[in-house]
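Student:
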Amino acid sequence: MNGPIDWFPLWLSLRVAVIATFFVLTAGTFIAYLLSHKSFRGRNLVDSLVTLPLVLPPTVLGYYLLVLLGHASPFGRLYESIFRHPLVFTWQAAVVAAFVHSAPIYIKAARAVLESVDYRYEWAARSLGASEWRTFWRITLPLSARGLGSLATLAFARSLGDFGVTIMLAGNIPGRTQTLSVAIYDAVEAGDGRLARILVLLISAVTLALLWPASYAARAPER
Amino acid sequence: MSIEARVVRRLAAVRDSPAFTLDVQLAAPAGITVVLGPSGAGKTLLLNSIAGFARPDEGRILVRDRIYFDAAANVQLAPERRRCGYIFQDHALFPHMTVRENLRFAAQSAGVGRLEARRRMSELLESFDLSQLADRRSSQLSGGQRQRAALARILMTDPHLLLLDEPSRGLDPRLRRAFWELLRELKRRIEIPILLVTHDIEECCELADRIAILESGRLLQSGTREEVIRRPASVGVARLLGLHNIAPAEIRSLDPAGRTSRLRVLGQELEGPHLPGHLIGDTGFLCVLQSEMKPVRGNGNRLVLRVETVQRSAAGVQIQLEHGFTIALSQSEYAGYADSDSLSLTAPVEAMAFTGR
Chain A
1 MNGPIDWFPL WLSLRVAVIA TFFVLTAGTF IAYLLSHKSF RGRNLVDSLV TLPLVLPPTV
61 LGYYLLVLLG HASPFGRLYE SIFRHPLVFT WQAAVVAAFV HSAPIYIKAA RAVLESVDYR
121 YEWAARSLGA SEWRTFWRIT LPLSARGLGS LATLAFARSL GDFGVTIMLA GNIPGRTQTL
181 SVAIYDAVEA GDGRLARILV LLISAVTLAL LWPASYAARA PER
Chain S
1001 MSIEARVVRR LAAVRDSPAF TLDVQLAAPA GITVVLGPSG AGKTLLLNSI AGFARPDEGR
1061 ILVRDRIYFD AAANVQLAPE RRRCGYIFQD HALFPHMTVR ENLRFAAQSA GVGRLEARRR
1121 MSELLESFDL SQLADRRSSQ LSGGQRQRAA LARILMTDPH LLLLDEPSRG LDPRLRRAFW
1181 ELLRELKRRI EIPILLVTHD IEECCELADR IAILESGRLL QSGTREEVIR RPASVGVARL
1241 LGLHNIAPAE IRSLDPAGRT SRLRVLGQEL EGPHLPGHLI GDTGFLCVLQ SEMKPVRGNG
1301 NRLVLRVETV QRSAAGVQIQ LEHGFTIALS QSEYAGYADS DSLSLTAPVE AMAFTGR
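Encoded structure:
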């Protein structure tokens, strides 16, 4: 049991987390903006849907996603026709799992950050002639950059850590879809205590190294 | 160069606040129109409706013959297409930009050409005394400098209308004066309607070309400053202005030829103003401008009232009389009356208004 350590799960987890965070930041910020700045029919429904992944068991979520993204679903078939391979049980599915794991928390917190921007700055920009889009890019986003920045770190750290949905949707294929947290599960199952310990310490260290500076940044005064 | 607005907005009751209806018809030419009213009168809601941040339920808003809003035709122009310069209480300079960047943002947002923007920028920085401060952020500016920067920012955009929401609230007296001076200067520079919302009568008297009195969502009176101050349309308007001594009055006789009348006020008789449209025996209120009431000796057109309290201040002497009357005198004016228990007060008939309501 003292063989060389396979670093693939670490690299895969980092790659998955980077890509998932990108989607969380773009789509998540967009949804958070809609929730914080627009009143539309069904806003509460959207808000509840965003909260759902936080409270549902990962197995239930994973099941839904399997059905939603599998071979039989329209989305699954569309994906296959574009990328020439199915989505489920690939590392790309792990990205979806990581996204579902971290987007809800990001959206909820980002909504609060965007709401905390004084509306008078936005109104001033609008009445000077700036479109809503321009106001978002030049006023709302810069004024919430610090808050959203530390949330991005949180989202990244959380993307690193998904287990339940990943194993349902991407499976546990060593060298292909086995992320760090899945590899830990695997090592414990196989009785490889050394590997489990190393991977556990590794993921803890990486996450702590991300969150520690971010919490400083979040607390520092804006100006 | 004018605005015509009719705005109806109904707000349902929520928790602590009761239902509220704003129903206002207002026209304002170029110059400063002060919208005066107590807090909760709907002043800010009116401004937000004009700027496009609140949607009225009914009505129509026209600025320079351009339709901003028309409920019947379902027209609702986006705020950025209205060209309303909106000045907030704290001026809302963008904190992450320097003064120069604030101005440049305004020019770009309004679609001002690059050359023209550059010309305007240097001219405005110069004339608002901001050249030395152009690279500072709002947190590095004093209150007065922020005011100037906010006004300069708006002038980058050729506004068709200026909206100011209690712009001098919370400023010390010196800064308030400076701001008023700035606004008068602004009025000379650009011929556009300026709507200024305030509940401060001093600010109103300093700046207003026209006054619109708003209370509980309704327009009580609007007109030129002289009209509103000299002829309050109701005792409610006079009370809101707080510039008048008010007493119940009854018309005893009318002399249209001599353009005068006789009024019975507080058990005494007074010569009053010409009152077309009123009948002998009508009852109502006499409103007399406090600043025009002076004590006199001897007979004449006067009202004798008992002195209640006398307050001396740096500005002069303020005398409270019975029936809630107040007059202000200078120290030297008061010297001659210091030992009197009651005063005979007179005022020119032009300073008196009789209102039936």
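For the protein sequence lines, the chains are A and S, in the order given.
Following my numbering, the numbering of the first sequence begins with 1 at its first residue and continues without gaps.
Following my numbering, the numbering of the second sequence begins with 1001 at its first residue and continues without gaps.
Note that beta-carbon positions come from the ideal geometry of N, C-alpha and C, so glycine has one too.
Source: prediction; values computed, not measured.
So is S:I1280 buried or exposed if we call it buried at 16+ other beta carbons inside 10 Å?
Tutor: Its Cβ having fewer than 16 others within 10 Å, S:I1280 is exposed.
Student: Give me the chain A residues within the contact set of S:F1088, using Cβ-Cβ distance strictly less than 7 Å, ordered along the chain.
Tutor: R120, A124
Student: Taking all protein chains shown into account, do 16 or more other C-beta atoms lie within 10 angstroms of the C-beta of S:R1120, making it buried, or fewer, making it exposed?
Tutor: buried
Student: List the endpoints of the continuous alpha helix (DSSP H) containing S:T1224.
Tutor: Per DSSP, S:T1224 belongs to no alpha helix (DSSP H); it is in the beta strand (DSSP E), 1218-1224.
Student: According to DSSP, S:E1215 sits in a beta bridge with which residue or residues?
Tutor: Note: S:E1215 sits in a beta bridge opposite S:R1218.
Student: Name the DSSP bridge partner or partners of S:Q1145?
Tutor: S:Q1145 pairs with nothing; no bridge assigned.
Student: Got a sec? Which residues, its chain only, sit under 7 Å from A:T179 by beta carbon, not counting five neighbours each side?
Tutor: P9, L12, S13, V16, A94, T166
Student: Between S:F1354 and chain A, is the shortest Cβ-Cβ distance under 8 Å, so that the two count as touching?
Tutor: no
Student: Please report the residue range of the alpha helix (DSSP H) in which A:D186 lies.
Tutor: Run containing A:D186: 180-189, per the alpha helix (DSSP H) assignment.
Student: S:H1096 CB to nearest chain B CB: under 8 Å?
Tutor: Although the question refers to chain B, the structure presented lacks it and instead comprises the protein chains A and S.
Student: Pick out the complete alpha helix (DSSP H) segments inside the segment 20-69 of chain A, 4 residues or longer, and give them in chain order.
Tutor: For secondary structure counted as the alpha helix (DSSP H) over 4 or more consecutive residues, the segment 20-69 of chain A holds these complete runs in sequence order: 29-37, 43-55, 58-69.
Student: Using CA atoms only, rank isn't needed, just tell me which of S:S1332, S:F1354, S:P1095, S:G1236 is closest to S:C1287.
Tutor: S:F1354
Student: Return the chain-ordered ranges of every beta strand (DSSP E) run that is complete within the segment 1012-1043 of chain S and spans a minimum of 3 residues.
Tutor: Correct list: 1020-1028, 1031-1036.
Student: Is there at least one Cβ from chain S nearer than 8 Å to A:P127's Cβ?
Tutor: Sequence inspection shows Ser at residue 127 of chain A; the Pro mentioned does not correspond to that position. For A:S127, the answer is yes, since a Cβ of chain S falls inside 8 Å of its Cβ.
Student: Between the beta-carbon of S:Q1025 and the beta-carbon of S:R1006, is there less than 8 Å?
Tutor: Result yes, Cβ atoms of S:Q1025 and S:R1006 sit closer than 8 Å.
Student: With distances taken Cα to Cα, identify the nearest neighbour of S:V1063 among S:V1008, S:L1195, S:P1173.
Tutor: S:L1195
Student: Within 8 Å of any Cβ in chain S, is that where the Cβ of A:L34 sits?
Tutor: no
Student: According to DSSP, S:C1287 sits in a beta bridge with which residue or residues?
Tutor: S:I1246, S:A1353
Student: At what residues does the alpha helix (DSSP H) containing A:G147 begin and finish?
Tutor: 141-160
Student: Along chain A, which residues have their Cβ under 8 Å away from the Cβ of S:A1092?
Tutor: Within chain A, the residues placing a beta-carbon under 8 Å from that of S:A1092 are D118, R120, Y121, W123, A124, ordered along the chain.
Student: List the DSSP bridge partners of S:T1326.
Tutor: S:Q1320
Student: Would you kindly report the start and end of the unbroken beta strand (DSSP E) that includes S:S1342?
Tutor: 1342-1346
Student: Given a cut-off of 8 Å, decide if A:L169 and A:V50 are closer than it, judged by their beta-carbon atoms.
Tutor: Their beta carbons are not under 8 Å apart, which means A:V50 does not touch A:L169 by this criterion.
Student: S:G1111 touches chain A at which residues, Cβ-Cβ below 8 Å?
Tutor: G129
Student: Which same chain residues, not among the five before or five after S:E1116, have their C-beta less than 7 Å away from its C-beta?
Tutor: none
Student: Say whether chain S places a C-beta atom closer than 8 Å to the C-beta of A:R138.
Tutor: yes
Student: Just verifying my parser: in three-state terms, what is the DSSP assignment at A:A17?
Tutor: helix
Student: Quick one: grab the DSSP three-state call for A:G193.
Tutor: helix
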